[in-house]
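A quick write-up on the structure given underneath.
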Amino acid sequence: MADNTFGQGTPNADAIPDPSSLSYEQARDELVETVKILELGQMSLDESLKYWERGEALAKRCEVLLDGAEKRIEQALQQGSDDEEQAE
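Right under this line is the structure:
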């Protein structure tokens, strides 16, 4: 075997993190990379489907985190409006 071989070819349990454990930035960056890989089109159908499914899970994670951020902004704006009304 060549001297430049890395690892044993078997991923650890944490090699591919669960999307629910990723921050928005991590999920977005991995999604961008996943799309780039899919666009190359140099995989078997099974491999492509695995990447597609991973991409869907990452996109869902981004959507959930963005929805949460939107709700926080709406709450902050509402709180600001309430504070202004009380000051008048």
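The sequence shown begins at 1 in full-length UniProt numbering and counts up by one. Just so it is clear, CB atoms sit at the ideal spot from N, CA and C, and this is done for glycine as well. If you're wondering where the values come from, they're calculated on a predicted model, not measured in any experiment.
DSSP-derived helix/strand/coil call for residue i
i      : result
Asp-67 : helix
Leu-77 : helix
CB of residue i within 8 angstroms of CB of residue j, strictly
i      : j      : result
Leu-38 : Ser-48 : yes
Ala-27 : Arg-72 : no
Rounded C-alpha distance that separates residue i from residue j
i      : j      : result
Lys-50 : Leu-66 : 24 angstroms
Gly-68 : Asp-46 : 33 angstroms
Ala-15 : Glu-30 : 13 angstroms
Lys-36 : Arg-54 : 13 angstroms
Ser-20 : Trp-52 : 17 angstroms
Quiz item: Within the chosen definition, does the segment 33-46 reach the segment 60-80 through at least 3 CB pairs nearer than 8 angstroms?
Solution: No, they do not touch.
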